[in-house]
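Put into structure tokens, the structure is as follows:
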């Protein structure tokens with residue numbers, strides 16, 4: 080059974096490693112509401128944590144703003160306006176974390192806002 084409505088959930092976390100567990104719990108709760116199976120939920124949790132750790136490793140931000148867009152057949156997780164510092168997107172896409180995220184999610188996009196701030200978008204469809 081798929082959800083008939085859509086909604087957004089916003090989460091703001093301090094950029095400290097210990098809050099990765101809070102993110103994983105939020106992801107698990109939201110993904111289970113959308114009828115993802117256990118394996119898919121684990122994949123989504125891991126990908127979201129990798130994205131959070133990228134923001135954390137950049138060391139530029141004090142908070143991570145995460146928006147969950149809950150659709151009828153898709154979950155989107157967006158790290159909004161993430162301050163990742165100045166870097167080349169091509170080299171960023173070659174990082175191990177990016178490979179993990181793209182392997183686990185249906186789509187991963189990096190959308191520049193300016194030279195140092197980006198929206199990091201992860202999405203997973205319900206099949």
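In the working numbering, the protein residues as written are 80 to 206. Where is the CB? At the ideal position from N, CA and C, for every residue including glycine.
{"query": "Cutoff 7 Å; reference residue 94; Cβ partners in own chain excluding five residues on either side", "result": "134, 135, 140, 141, 142 and 143"}
{"query": "Cβ contact check for the region 83-92 and the region 143-153: 3 or more pairs under 8 Å", "result": "yes"}
{"query": "Buried/exposed call for residue 119, threshold 16 Cβ in 10 Å", "result": "buried"}
{"query": "Outcome for residue 130 when other beta-carbon atoms lying within 10 angstroms are tallied against a minimum of 16", "result": "buried"}
{"query": "Whether residue 123 touches residue 149 by CB criterion (8 Å)", "result": "no"}
{"query": "Assigned secondary structure, residue 181 (DSSP; H/G/I helix, E/B strand, else coil)", "result": "helix"}
{"query": "Rounded C-alpha distance that separates residue 186 from residue 96", "result": "25 Å"}
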